[in-house]
Amino acid sequence: MSRSYDCSGDEERASGISDAASSVRRGELVVLPTDTVYGIGADAFSPTAVARLLQAKGRGRDMPPPVLVGSVRAAHALIDDLGSHGQDLIEEFWPGPLTIVCAATPSLSWDLGDTKGTVAVRMPMHPVALELLKEVGPMAVSSANISGRPAATTAADARAQLGDSVAVYLDGGPCADDVPSTIVDLTYAVPRVLRDGAIPIERLRAVCGTVIGTTAPAAKPDPEVHDPGAAEAASAEKATESDPRGTEDRGAGGHEPKAE
Numbered sequence: 001m002s003r004s005y006d007c008s009g010d011e012e013r014a015s016g017i018s019d020a021a022s023s024v025r026r027g028e029l030v031v032l033p034t035d036t037v038y039g040i041g042a043d044a045f046s047p048t049a050v051a052r053l054l055q056a057k058g059r060g061r062d063m064p065p066p067v068l069v070g071s072v073r074a075a076h077a078l079i080d081d082l083g084s085h086g087q088d089l090i091e092e093f094w095p096g097p098l099t100i101v102c103a104a105t106p107s108l109s110w111d112l113g114d115t116k117g118t119v120a121v122r123m124p125m126h127p128v129a130l131e132l133l134k135e136v137g138p139m140a141v142s143s144a145n146i147s148g149r150p151a152a153t154t155a156a157d158a159r160a161q162l163g164d165s166v167a168v169y170l171d172g173g174p175c176a177d178d179v180p181s182t183i184v185d186l187t188y189a190v191p192r193v194l195r196d197g198a199i200p201i202e203r204l205r206a207v208c209g210t211v212i213g214t215t216a217p218a219a220k221p222d223p224e225v226h227d228p229g230a231a232e233a234a235s236a237e238k239a240t241e242s243d244p245r246g247t248e249d250r251g252a253g254g255h256e257p258k259a260e
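First residue of the sequence shown: 1, per UniProt numbering; consecutive thereafter.
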């Protein structure tokens, strides 16, 4: 039976974080609020837990979930190459609604799905999410909904869709902003937006200079940058850039543009 915690009060929030952390360590699923929409999360380093997450959503390995982190240091441990502008983007927009796609550290022992050697990483700006992430470490987190249905903006929405497939629901109240994170692929010589979101391209260009938008023709990846970027952009070109509350699609390396 699922357990739900109202995180508006300190005592119940502490109990909820503790229960959620224990559940994640057991390989179970939890629902947590973020600064965009609610997410369904699992231990990023447990292949069984990640497979359970994908099963709960009704989706396959071809759409691996992003990874949320509770600190920049945790992100650096996951990323092999930030590219020329990654650190600048992190310093400007984290914590916040920016997901960066980078070459993953090759020595990592995990299985998020068909990532083609990349990882999509974000540090959310939500106190409940950050507290849990700092407690358990990186989590694979997807939007809290059945694939093809609207993303949940309340814990009740998430529970109505996911039910007892989730062990713990952390209720942080309604999402303040259901606009998804902006996804930027840094495996190219020039950063490329895979999904428009909360951070407009003008702000990205203020940091990076040149940034390729979602409507621009595909650019050839820098030969010195990991080849998965080419496949990721091809996948992104095929994605339907639709309402984030509607049908989900895919982005970098199969990474899901609709998820957080």
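Backbone N, C-alpha and C fix where the C-beta goes; we use that ideal spot for every residue, glycine too.
Could you check whether residue j and residue i sit closer than 7 Å to each other, using their CB atoms as the reference points?
{"i": "proline 95", "j": "methionine 123", "result": "yes"}
{"i": "serine 23", "j": "valine 30", "result": "yes"}
{"i": "glycine 27", "j": "arginine 61", "result": "no"}
{"i": "alanine 158", "j": "alanine 167", "result": "no"}
{"i": "proline 138", "j": "threonine 154", "result": "no"}
{"i": "proline 33", "j": "alanine 120", "result": "no"}
{"i": "glycine 86", "j": "leucine 186", "result": "yes"}
{"i": "alanine 21", "j": "valine 136", "result": "yes"}
The beta strand (DSSP E) spanning residue i covers which residue range?
{"i": "alanine 42", "result": "39-43"}
{"i": "serine 46", "result": "Here serine 46 belongs to no beta strand (DSSP E), and DSSP marks it neither H nor E."}
Going by beta carbon distance, what residues of the same chain come within less than 6 Å of residue i, once the five residues before and after it are set aside?
{"i": "glutamate 12", "result": "Tyr5 and Asp6"}
{"i": "glycine 70", "result": "Leu130, Leu133 and Lys134"}
{"i": "proline 47", "result": "Asp111"}
{"i": "alanine 42", "result": "Leu29, Ala49, Val50, Leu53 and Ala140"}
{"i": "alanine 144", "result": "Val31, Tyr38, Gly39, Ile40, Ala152 and Ala158"}
{"i": "isoleucine 17", "result": "Glu131 and Leu132"}
{"i": "lysine 238", "result": "Note that lysine 238 scores 34 on pLDDT, short of 50, meaning its location in the model is unreliable and no value can be drawn from it."}
{"i": "aspartate 222", "result": "Residue placement at aspartate 222 is poorly supported in this model, since its pLDDT is 34, which falls under 50; the coordinates are not used for a value here."}
{"i": "isoleucine 79", "result": "Cys102"}
{"i": "lysine 220", "result": "Below a pLDDT of 50, predicted positions are generally treated as unreliable, and lysine 220, at 37, falls in that range; the measurement from the model is reported next regardless. Excluding sequence neighbours, lysine 220 sits near nothing in its chain."}
From the options, pick the residue whose C-alpha is nearest to that of residue i; which is it?
{"i": "glutamate 92", "options": "Val207, Asp81, Asp185 and Thr187", "result": "Val207"}
{"i": "alanine 77", "options": "Arg3, Ala104, Trp110 and Gly86", "result": "Ala104"}
{"i": "valine 190", "options": "Ser84, Val119 and Ala156", "result": "Ser84"}
{"i": "glutamine 161", "options": "Ile40, Ser18, Ala14 and Ile17", "result": "Ile40"}
{"i": "glutamate 55", "options": "Lys116, Ser165 and Tyr169", "result": "In the sequence on display, residue 55 carries glutamine and not glutamate. Nearest option by C-alpha distance: Ser165."}
{"i": "alanine 51", "options": "Thr187, Ala140 and Pro150", "result": "Ala140"}
On the CB-based measure, 16 or more other CB atoms within 10 Å of its CB, does residue i come out buried or exposed?
{"i": "glutamate 202", "result": "exposed"}
{"i": "aspartate 177", "result": "exposed"}
{"i": "proline 106", "result": "exposed"}
{"i": "proline 200", "result": "exposed"}
{"i": "valine 184", "result": "buried"}
{"i": "arginine 73", "result": "exposed"}
{"i": "glutamate 224", "result": "Residue confidence is low: glutamate 224 scores 31 on pLDDT, short of 50, so the model does not pin down where it sits. No coordinate-derived value is stated."}
{"i": "alanine 14", "result": "exposed"}
Given residue i, which residues of its chain have a CB within under 7 Å of its CB, disregarding the five upstream and five downstream residues?
{"i": "isoleucine 127", "result": "Looking at the sequence itself, residue 127 is proline, so the reference to isoleucine does not match. Nothing meets the Cβ criterion."}
{"i": "serine 181", "result": "Thr36, Pro97, Leu98, Thr99, Arg122, Gly197, Ala198 and Glu260"}
{"i": "serine 109", "result": "Phe45"}
{"i": "arginine 205", "result": "Val211"}
{"i": "serine 8", "result": "Gly173"}
{"i": "proline 217", "result": "Residue confidence is low: proline 217 scores 47 on pLDDT, short of 50, so the model does not pin down where it sits. Its coordinate-derived value is still stated next. So no residue of the chain qualifies."}
{"i": "glycine 58", "result": "Ile146 and Ser147"}
{"i": "arginine 149", "result": "Gln161"}
For the alpha helix (DSSP H) holding residue i, just list the boundary residues, first then last.
{"i": "valine 31", "result": "Unbroken run through valine 31 is the beta strand (DSSP E), 30-32; no alpha helix (DSSP H)."}
{"i": "aspartate 178", "result": "Per DSSP, aspartate 178 belongs to no alpha helix (DSSP H) and is neither H nor E."}
{"i": "isoleucine 201", "result": "201-208"}
{"i": "leucine 108", "result": "Premise fails: leucine 108 is in no alpha helix (DSSP H) and is neither H nor E."}
With a CB to CB cut of under 8 Å and the five nearest residues on each side skipped, what residues in its chain are close to residue i?
{"i": "valine 179", "result": "Thr36, Pro97, Gly197, Ala198 and Pro244"}
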